[in-house]
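Below: the structure, in structure tokens.
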Ligand code: OFO
């Protein structure tokens, strides 16, 4: 595998692992701060980020490269509000999109079209994720500090995970 591409993929693996940990930290905050639906949704999303990481790991290893795990930062554990949580998620996903786009740029420069093709899945996924988080954030902004509205948003997020309140199940 092209060493430049391999090293960029390893950096992306680290970012996906951090994303998973960040959403886990946010899920924990939601769970202990009275937002069980949001917690369930974020526990599930943490699992999805882990799947994003695993797909990259298998790709690197299958293509003759080798995944090198790197240190990851401890994510924040305190968030001011549900709006703060989803504002940070949206910002983080925009950062991930930029990172995937840069990674794709490296594959083009290096003429590694196989990896470029593999990354198409991530490019599409980022469009979906950014749109999903923008929708959620818009709703939170709309209800503002209204407790009943917030309760409904939390319920809605629970419904998006299958409504078990555990967040244990993942649709990948
Ligand atoms: Fe939330 O996105 Fe990974 O890639």
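Numbering (my numbering), first residue to last: 352 to 523. By construction, the Cβ of each residue, glycine as well, lies at the ideal position given by its N, Cα and C atoms.
Cβ neighbour criterion (16 or more within 10 Å) applied to residue 510: For the purposes of this step, residue 510 is taken as the residue at position 159 of the chain shown. By the 10 Å Cβ count, residue 510 comes out exposed.
Any non-hydrogen atom of the ligand OFO closer than 7 Å to residue 394 Cβ: On the chain shown, residue 394 is found 43 positions in, with the first residue counted as 1. Answer for residue 394: no, Cβ out of range of the ligand OFO.
Any heavy atom of the ligand OFO nearer than 6 Å to the CB - residues listed: 367, 370, 400, 403, 444, 447, 473, 476 and 480
For residue 488 and residue 437, believed in contact at Cβ under 8 Å, the rounded distance: Taking the first residue of the chain shown as 1, we reach residue 437 at position 86. Taking the first residue of the chain shown as 1, we reach residue 488 at position 137. Yes, residue 437 and residue 488 are in contact; Cβ-Cβ is about 5 Å, under 8 Å.
Segment contact, 8 Å Cβ cut-off, at least three pairs: the segment 358-371 with the segment 383-395: no
Among 390, 435 and 387, nearest to residue 496 - alpha-carbon criterion: The residue you call residue 496 lines up with position 145 of the chain shown. Selected option, being the one with the closest Cα: 435.
Local conformation of residue 420 per DSSP, three classes: The sequence position of residue 420 within the chain shown is 69, counting from 1. Looking at residue 420 - three-state DSSP - the assignment turns out to be coil, as it is neither helix nor strand.
Own chain residues within Cβ distance below 7 Å of residue 459, not counting five before or after: Here the question's residue 459 lines up with position 108 in the chain shown. Here the set comprises 467.
Residue 409 versus residue 490 - alpha carbon distance: Stepping through the chain shown from its first residue, residue 409 is reached at position 58. Stepping through the chain shown from its first residue, residue 490 is reached at position 139. Straight-line Cα distance between these residues: approximately 37 Å.
Buried or exposed by the 16-neighbour rule on C-beta atoms within 10 Å, applied to residue 380: In the chain shown, the residue the question calls residue 380 occupies position 29. When all chains shown are included, residue 380 counts as buried.
CA-to-CA distance, residue 481 to residue 444, given in whole angstroms: The residue you call residue 444 lines up with position 93 of the chain shown. The residue you call residue 481 lines up with position 130 of the chain shown. If you take the alpha carbons of residue 444 and residue 481, they lie about 6 Å apart.
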